[in-house]
Structures are given as structure tokens and as C-alpha cells.
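Numbering (my numbering), first residue to last: 883 to 1054.
What follows is a set of notes on a single structure, which appears directly below.
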């Protein structure tokens, strides 16, 4: 096999372009609309919000296409795509909940001030509120950050395994 042809075999891959949507008004996160999910269009994907930590109702091995000419199993790739969406959804849900609770607490602090309160009083009240909020949320934030890191590394490793599985037939 010629050197150029071998190099092309190593570098040929289908292109996918993931889209980034506008900020969510509550979570303040910009959702990613994945276009590499089979059978979906960017428009249909934008209308569906994934749910966090979905347990797949079937074993993904049940869906191996026995009649396919595909030289490798795509189970890892599908697991990676599901894990990626679950990670995004859990991140979105955490920040939606956190920001909703924060805004509600902030509004209650501002509502408790008399209407004649000076701007300095507002600043002091909000400063005290922010300080208490950070201390109150520290444990929850740390737990979230540790869980997010764990899920993120798990998803990265799954992506690496799926990519290796796709790449392996090309080099053997």
C-alpha cells in the first residue's frame, strides 16, 4: 500500500458540527446541540432536553447489527454519546436549581428591606447575603464539583475507548 493511501486511511473521518445555542435564561449555560446522533437533525435535537442520569432500559449489546458490514461494534460510541448528553443535562439541572434558589433568596432579602432604604443599606444587605450564600452552598458546590469531575473523566475515558475502537481496525 502506498504511503499516501495509508495516511488517508488514518485521517479519513466523517465531519460533524455541533451547534451552540443561546444562553438559557435561568442556568446561564449555552446548550450544545449535538449533530452526530443518528437520525436527528439540529432542529429536532434543539427541541428535546435530555434528562440527567438516564438508565438505558435495554442492554446496548442487544442492538448490535448482525447484518451490518461495519467491521467494529459501535456500542462504546453510543454509550459515549449518551454519557455526554447526561453530563450536559446534569450540569444544566444543577445550575438551573442553584440559580433559581439564589434568585429567590436574593429577592427575599431585597423585599425585607424598607422601601426608604438607602443604596448603601441595599449594598450592605446584599453583601451580607452573598457571604452567607457562599458559606451555605460550599458543601453542595463541592459535592457537585467532585461529581462533575468524576462524570467528566468517565465520559472522556469512554470517548477515548470509543475512538480507539474506531481507529484500531485501520491500523491492524
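Heads up, the beta-carbon is just placed ideally off N, CA and C, and yes, glycines get one too.
Spatial distance of residue 901 from residue 918 (CA atoms): Each residue's Cα considered, the two are about 11 Å apart.
DSSP bridge partner residues for residue 1061 (one or two, in chain order): Nothing can be reported for residue 1061: it is not among the residues displayed for the chain, which extend from 883 to 1054.
Length of the line joining the Cα atoms of residue 1047 and residue 985: For residue 1047 and residue 985, the distance between alpha carbons rounds to 46 Å.
Cβ neighbour criterion (16 or more within 10 Å) applied to residue 999: Flag for residue 999 reads exposed.
With 16 other Cβ atoms within 10 Å as the buried cut-off, status of residue 1054: It counts as exposed.
Range of the contiguous alpha helix (DSSP H) that encloses residue 1010: Counted as a single uninterrupted DSSP element, the alpha helix (DSSP H) harbouring residue 1010 occupies residues 1001–1053.
Where residue 926 sits in the DSSP three-state scheme: Because residue 926 sits at a pLDDT of 43, beneath the cut-off of 50, its placement in the model cannot be relied upon, and the point is left open.
Unbroken alpha helix (DSSP H) run spanning residue 995, endpoints: Here residue 995 belongs to no alpha helix (DSSP H), and DSSP marks it neither H nor E.
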